[in-house]
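**Q** So that we are looking at the same thing, I have put the structure below in structure tokens.
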């Protein structure tokens, strides 16, 4: 089981967290990232799903900004957290 605290938070650098918080995206907040609310693009868990789309490069700006793209393995961990039910 992939958990937010032990598996997801460590994937993001301090720079990632700082950069995205300036854009209203709070990468190290479980409450923010696991929020079940949807939006015009995603029916549920829009915050986490938008982060995933930015990590995959299907939404812009791509994350992490100014750094190399995440490996497929790191993206898979994030995807597994989502598919596993957003475990704390």
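Residue numbers (the numbering used here): -11 to 76. Heads up, the beta-carbon is just placed ideally off N, CA and C, and yes, glycines get one too. Since the model is a prediction, treat every value here as computed from it, not as a measurement.
(1) Report the option in 13, -2 and -5 whose CA atom is closest to the CA atom of residue 49.
(2) Put residue -2 into one of helix, strand or coil per three-state DSSP.
(3) When DSSP labels each residue in this structure, what does residue 35 get in the three-state scheme?
(4) Comparing C-alpha positions only, which one of 66, 35, 69 and 60 sits nearest to residue 26?
(5) State the start and end residues of the unbroken alpha helix (DSSP H) segment that holds residue 48.
**A** Let me spell this out:
(1) Closest by C-alpha distance to residue 49, out of 13, -2 and -5, is 13.
(2) Collapsing the DSSP output to three states places residue -2 in a helix.
(3) The three-state reading of DSSP puts residue 35 in helix, counting H, G and I together.
(4) Of the candidates 66, 35, 69 and 60, the one whose C-alpha sits nearest the C-alpha of residue 26 is 35.
(5) Premise fails: residue 48 is in no alpha helix (DSSP H) and is neither H nor E.
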